[in-house]
Amino acid sequence: MIHEVKVKGLLHRTKDPQSWYDVYYNFNIYRGCSHACIYCDSRSKCYGIENFNDVVVKINSPQLLKKKLVSISTKRTIGTGSMSDPYEPAEKKYKLTQSCLKLIARYGFPLNLITKSDLVLRDIDILSEINRAFCQVIFTITTTNRKMSSLIEPYAPNPQRRLLAIKELSKRGINVGVHIMPILPFINDTESNIKDIVTQSKQHGANFIIASFGLTLRDRQREYYYNQLEKIKLGLSKIYQKQYGDLYYCESIKASKLRQYFKELCKENHLIYNMADVTTYEKLKQTQLKLF
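Per my numbering, residue 116 is the first one in the sequence shown, and the count goes up by one each step.
Here it is as structure tokens:
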């Protein structure tokens, strides 16, 4: 179900830009998400979304964003996609992300956008315009296996569509990266999965990959996740309970080995693999773009 609302604010200052792609401002147009990823942290109580499957649409987002952008003198990186996907299915109808991107392009702000959807290609011309200041698009890819993806991200575009979107965006000179996160213990925490994602991301034009070898679980998000695990494999939730108890961060028991393997693969494929180096690259590109 979709609910339309008008909100008082949209663009918010981040607390620690250096820790997350040098993003100084962040906005989310949608609350809730129809992709139904079983691991989504945004189901947690602290975010105040009572029914995550109901999507709340902030219909006055473009007006609020424009008002804010004209008041900002120093044009720092704007981020979107941290809480809900800017290209979740409702965007096909509402085109609010598209409207907001046009404003970001008009006022010359750099952009960091995170998504699982190839719908982003609809706005490739706008993103190319934003790239005059700097545009970075990051795709979350937790597996390249369609069957596995359909189990853990049932309504998100399949991984092959995301990879093809990476290819098209990179052709336009847009900096494209991949998030391998979360890694789900006992499900996708294998060397073969990591290798497939890294090699295919490189082949399709990704410049960097950031990985996290576990997932966060708490309150009702944990309950939902465990219920979904039983649909994948009976008894899997009990294995989690035994291994992690009430831990917030549930790291794969293979994390140390996988992390080293991941780094070696990235080096072999000439991919950036840590946040500090990605941020350094962003700043360098932004400085270069200002010269033209």
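Backbone N, C-alpha and C define an ideal beta-carbon position, used for all residues, glycine too.
Check: Inter-residue spacing [alpha-carbon to alpha-carbon] between Ser285 and Ile229; Outcome: 15 Å
Check: Beta bridge counterpart(s) of Leu330 as assigned by DSSP; Outcome: Cys365
Check: Simplified DSSP assignment, three categories, for Tyr202; Outcome: coil
Check: Option in Asp334, Ile325, Asn303 with minimal Cα separation from Ile347; Outcome: Asn303
Check: Alpha helix (DSSP H) segment containing Lys173, residue limits; Outcome: Unbroken run through Lys173 is the beta strand (DSSP E), 170–173; no alpha helix (DSSP H).
Check: Proximal residues to Phe377 (C-beta, below 6 Å), its chain only, five neighbours per side dropped; Outcome: Ile309, Ala326
Check: Cβ pair Asn95, Lys217 closer than 8 Å; Outcome: With the chain covering only 116 through 407, there is no way to say anything about residue 95.
Check: Burial state of Pro274 (16 or more Cβ within 10 Å); Outcome: buried
Check: Beta-carbon proximity list for Arg374, same chain, < 7 Å, skipping 5 on both sides; Outcome: Phe328
Check: Run of the alpha helix (DSSP H) containing Asn308, from where it starts to where it stops; Outcome: 306–318
Check: Sequence-distant residues of the same chain with beta carbon closer than 7 Å to Glu119, five excluded per side; Outcome: Val172, Ile174
Check: Beta carbon of Arg421 nearer than 8 Å to that of Leu404; Outcome: Because the chain spans 116 through 407 in this model, residue 421 falls outside it and cannot be assessed.
Check: The stretch 294–302 in contact with the stretch 256–271 per 3-pair CB rule at 8 Å; Outcome: yes
Check: Per-residue burial, Ile354 [other beta carbons within 10 Å of its own, 16 or more giving buried]; Outcome: exposed
Check: CA-to-CA distance, Met263 to Glu306, given in whole angstroms; Outcome: 15 Å
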